[in-house]
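Here the structure comes first, spelled out in structure tokens, and everything after it is commentary.
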Amino acid sequence: MKKIISTDKAPAAIGPYSQAVEVNGLVYTSGVIPVDPATGNIPEGSVAQARQAFTNMKNLVEAAGSSMDKVLKTTVFIKEMNDFAAINEVYAEFFPEPYPARSCVEVARLPKDVMLEIEVIAEK
12 MKKIISTDKA PAAIGPYSQA VEVNGLVYTS GVIPVDPATG NIPEGSVAQA
62 RQAFTNMKNL VEAAGSSMDK VLKTTVFIKE MNDFAAINEV YAEFFPEPYP
112 ARSCVEVARL PKDVMLEIEV IAEK
């Protein structure tokens, strides 16, 4: 059975999709961007945006009854591959060892012209 996950501690969906869906003990999130859900503001710079996006993701995963140490797979979309090392440093603050599997790709553009977006699959 599919369960829809929603929280006001992560940015609301800006289209026809759910923030996350739980199926058979797994949580699948939509892409999360670095929008402060309380203010709608987007921080300046890749490090601040990474910190906000990963905080939003942490809040969403926890709203689903899971945690960052139960994340199995992440996909990180970044606007500028030159930010890879800086984003990795922030990533390591949020995802404990052993790290989840990950893909990281550079993209031409992201919603609201942010610098990164992340989606995850986590165990419940």
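The sequence shown begins at 12 in this note's numbering and counts up by one. Glycine included, every Cβ here is placed at the ideal spot set by N, Cα and C.
Non-local beta-carbon contacts of Ile15 in its own chain, meaning distances under 7 angstroms to residues more than five positions away in sequence, involve Ser29, Val32 in chain order. Nearest in C-alpha terms to Ala133, of all of Leu71, Lys13, Glu100, Leu37, is Leu37.
DSSP places Ser114 within a strand segment (E or B) once states are collapsed to three. Rounded to whole angstroms, Pro107 and Ser77 show a C-alpha spacing of 14 angstroms.
Setting aside the 5 residues that flank it on each side, Glu130 is surrounded in the same chain by Thr40, Gly42, Thr86, each with a C-beta closer than 6 angstroms to its C-beta; the list follows chain order. Looking at the DSSP output, Ala31 sits in a beta bridge with Ile16, Thr40. Here Ser57 is buried. Its C-beta has 16 or more other C-beta atoms within 10 Å. The beta carbon of Ala97 sits closer than 8 angstroms to those of Ser57, Val58, Ala61, all from its chain and outside the five residues before and after it, given in chain order.
DSSP assignment within the stretch 29 to 108 yields the following whole beta strand (DSSP E) runs of 3 residues or more, N-terminal first: 31 to 34, 37 to 40, 82 to 89. About 6 angstroms separates the beta carbon of Ile53 from that of Lys123, a gap short enough to meet the 8 angstroms contact definition. Bounds of any beta strand (DSSP E) do not take in Leu121, whose DSSP letter is neither H nor E.
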